[in-house]
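Working notes, structure below.
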Amino acid sequence: MPSSPSVEFPSNKPPQPSRGERLRELAQLFLKLGAIGFGGPQAHIALIHDEAVVRRGWVPEDQFLEGVAICEMLPGPASTQTGIYTGYLRAGQLGALVAGTSFILPAFLMMVGLSWAYFRFQGVPQIGHLFLGVSPVVMAIIFGFCWKLGKRAIKDGSGLAIATAVFLLAVFSPLNVLVLFLLAGLVGLVVYRPKPTHAGGTSRLRSVWLGPWLPLGWPLLLTTLPNETWVGSSFWGLERIREYALPLLTFFFQVGAFIFGGGLVIIPLLESAVVNDFQWMTRSEFIDGVALGEVTPGPVVITAAFVGYKVAGILGASVATIAIFAPSFLFIMFTSPFLRRLRQNPWVRSFLKGVMPAVLGAIGAAAISLAQVALLQDTLPLTLVA
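For the sequence shown, position 221 (counting from the first letter as 1) is numbered 221 according to this note's numbering, and the numbering increases by one without interruption.
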């Protein structure tokens, strides 16, 4: 008896978009999120979750939460990295590049425009008075961040000791803040060292610990060199970019690789270098740059564009922005296969347990230094700033 022909029913599953369509959708979404992303990293992550997970279903809930946890562990602005990670899950490495760049671009363009206006009209009294009123608000934000970070970073007496030691060293010693973070991480490896679980554990942990970090290690070694090594070495900045491209690229890459604990961690790293060592701007200008970073959408790390613009115009702003976000892209795009194991690595956790209190101490030291400028200068009458 001949078999009856099989009947194929049409599938109700919608066709998957092509890679080009997915990339275009990522660009459109993250350009929008980058333009409306006010309110800090947690607000940014909530926006990404609502759009990419809830409304569009691009990423499963469990994978998104896993990605957020990984991004919180890694150095770099967590909200930007979450966007990069979402793009990676949606369309691979190119998707990560498109999503992250689209998320950063609106804030970058706004910061360049504000930087031009700031330095163009800096001598106008009304502009100066405006920023005199903003500076104390920025200091309040910084001290509030210290309080929140302290409750999360200091869990015991060892953490308090690390934070205090880094605070004192940052205030009274010439040591680079990045070096202090490295030393604190090494202390964390000793104080919070994990207990061995099996005989062959050391070599296995070493492979997970070093593998993803080796490509990024060479710029970090440069932190031990004197800042004078790099110091010696218009609008677009064409005349100055040749002189300052390498210092901007190297310094901001180092900063981007050590932003543990939130975007405001950028403050002690930038303040000690761009004001004291490189002398690229005054402390008052730096505070105003942080204020602009707070009022623009996206991560406050975009303050790097303000510094770069002061040094070498738009080209300097571009170099500084690319350099400070480059570690975030590299971590997500090229180490994703290792990230879950890296997060579970007890030695990585021990290192970070030492770094987090150090971040608090460094921010506290920078806040004290900046407060002397923000709060001791002449201010407007309350009737003018109300």
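A virtual CB, placed ideally from N, CA and C, is assigned to each residue, including glycine.
| query | result |
| --- | --- |
| Beta-carbon contacts of leucine 175 that lie in its chain and below 7 Å, excluding the five residues immediately before and after | Leu169 |
| Helix, strand or coil at asparagine 276 according to DSSP, with G and I counted as helix | helix |
| Same chain only: Cβ atoms within 6 Å of alanine 317, ignoring 5 sequence neighbours per side | Val112, Ala305, Gly308 and Tyr309 |
| Residue interval of the alpha helix (DSSP H) (run including leucine 182) | 177-191 |
| Distance between serine 173 and leucine 29 (C-alpha atoms, nearest Å) | 46 Å |
| Rounded C-alpha distance that separates threonine 82 from glycine 95 | 13 Å |
| Heavy atom of the ligand GDP within 8 Å of glycine 185 beta-carbon | Among the components of this structure there are no ligands whatsoever, and the ligand GDP is therefore not found. |
| Rounded straight-line distance, which links the Cα of valine 290 to that of leucine 269 | 13 Å |
| Straight-line Cα distance separating valine 68 from glutamate 61 | 11 Å |
| Neighbourhood of isoleucine 368 by C-beta, 8 Å cutoff - its chain only, sequence neighbours within 5 removed | Val171 |
| Under the three-state DSSP convention, the category lysine 155 falls into | coil |
| Alpha helix (DSSP H) segment containing leucine 246, residue limits | 238-256 |
| 7 Å Cβ shell around threonine 164 - same chain, five flanking residues per side excluded | Gly361 |
| Alpha helix (DSSP H) segment containing histidine 44, residue limits | 41-48 |
| Proximity to proline 346 [Cα-Cα], best of Val301, Arg240 and Tyr192 | Tyr192 |
| Enclosing alpha helix (DSSP H) for leucine 95 [first to last residue] | Contrary to the premise, residue 95 reads as glycine rather than leucine in this sequence. Unbroken alpha helix (DSSP H) run through glycine 95: 78-120. |
| Cα-Cα separation between glutamine 279 and alanine 153, rounded to whole angstroms | 31 Å |
| Per-residue DSSP class, three states only, for arginine 22 | helix |
| Simplified DSSP assignment, three categories, for phenylalanine 338 | helix |
| C-alpha distance - glutamine 281 paired with valine 295, whole-angstrom precision | One detail in the question is off: residue 281 reads as methionine in this sequence, not glutamine. Cα to Cα, methionine 281 sits roughly 20 Å from valine 295. |
| Given leucine 238 as reference, the closest of Leu178, Val255 and Ala312 once Cα atoms are compared | Ala312 |
| C-beta atoms of leucine 31 and leucine 105 nearer than 9 Å | yes |
| Glutamine 122 versus tryptophan 116: straight-line alpha-carbon distance, rounded | 10 Å |
| Cβ pair phenylalanine 64, histidine 44 closer than 9 Å | no |
| Beta-carbon proximity list for glutamate 72, same chain, < 8 Å, skipping 5 on both sides | Ala78 |
| Beta-carbon spacing of isoleucine 84, serine 328 below 9 Å | yes |
| Close Cβ partners of glycine 20 (< 6 Å) along its chain, the five nearest in sequence each way excluded | none |
| Beta carbon of isoleucine 266 nearer than 9 Å to that of valine 300 | yes |
| Residue from Ser336, Phe338, Asp277 and Ile287 with nearest C-alpha to alanine 140 | Ile287 |
| Valine 179 to leucine 264 span [Cα, whole Å] | 18 Å |
| Proximity of isoleucine 302 and alanine 35 at Cβ, strictly below 9 Å | no |
| Burial state of leucine 182, where buried means 16 or more other Cβ atoms lie within 10 Å | buried |
| Three-way DSSP call (helix, strand, coil) for leucine 74 in this model | coil |
| Where arginine 283 sits in the DSSP three-state scheme | helix |
| Beta-carbon spacing of glycine 354, alanine 184 below 9 Å | yes |
| Glycine 361, DSSP secondary structure in three states | helix |
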